[in-house]
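Q: Supplied in structure tokens, the structure appears directly below.
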């Protein structure tokens, strides 16, 4: 499992996630969001990231992560590596295998499963994953791609493509990450 080295590093990731929800990240706004649970998807991501820091808040963060996993049916183990700007849309029924690697500015929609047994998928940057998508085991979803609703991905997804269907097939190459809004600029 990859832990963050300190709380400052973790807060950089949290700021990037908050930005993806169309908000301007400030400490007071983020704390207000956490206390009032205005968006449970962001709050889940907050506690998931905080649980990945070895520090004095670890027991609380792990408990909150576990509790929200049960409440919303979101299963993202701490072993998953997720880049900056992670966005969960309509968070319910999201299951991610612990061996998955997820890049920067990735959107995951409701009822999505990434991986089953063995090594899970590697997902690039600026990827949109629609609702009810199943990404089966060791495939590579390249950067700037989109996966349509209900797709079952069993083969690698080329860069800059849109795929859909069962099994997923390439539909086009001209919608480069169009569903990825409020991208986190990695130079921040």
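Residue numbers (our numbering): 482 to 669.
For every residue, glycine included, the Cβ atom is placed at its ideal position computed from N, Cα and C.
(1) My assumption, with CB atoms under 8 Å, is that residue 630 sits in contact with residue 647. Please give the rounded CB distance.
(2) Look at residue 616 and residue 589 and say whether their C-beta atoms are less than 8 Å apart.
(3) Strictly by DSSP, which residues pair up with residue 666?
(4) Going straight from the alpha carbon of residue 652 to that of residue 492, what length do you get?
(5) Taking the straight line between their C-alpha atoms, what separation do you get for residue 486 and residue 536?
(6) Give me the Cβ distance between residue 524 and residue 554, rounded to the nearest whole Å; I'm assuming they're in contact under 8 Å.
(7) What span of residues does the alpha helix (DSSP H) with residue 580 cover, start to end?
(8) Which partner residues does residue 514 have in the DSSP bridge list?
(9) Write down the C-beta distance between residue 587 and residue 604 rounded to the nearest angstrom, noting that I regard them as a contact closer than 8 Å.
(10) DSSP three-state label for residue 640, please.
(11) If you measure between the beta carbons of residue 614 and residue 626, is that distance less than 8 Å?
(12) Along the chain, where does the beta strand (DSSP E) that runs through residue 650 open and close?
(13) When DSSP labels each residue in this structure, what does residue 539 get in the three-state scheme?
(14) What are the partner residues of residue 490, as DSSP defines its beta bridges?
A: Concretely, from the data shown:
(1) That belief does not hold up - the Cβ atoms of residue 630 and residue 647 are roughly 11 Å apart, past 8 Å.
(2) No; because the gap between Cβ atoms is not below 8 Å, this pair is not in contact.
(3) Per DSSP, none; premise fails for residue 666.
(4) 38 Å
(5) 9 Å
(6) Actually they do not touch by this definition, with Cβ atoms about 15 Å apart.
(7) Where residue 580 is concerned, there is no enclosing alpha helix (DSSP H), given that its DSSP letter is neither H nor E.
(8) For residue 514, DSSP records no beta bridge to any residue.
(9) Rounded, the Cβ-Cβ distance is 6 Å, consistent with contact.
(10) coil
(11) Not closer than 8 Å, so no.
(12) 650-653
(13) The answer is helix: DSSP assigns residue 539 an H, G or I state.
(14) DSSP lists no partner for residue 490.
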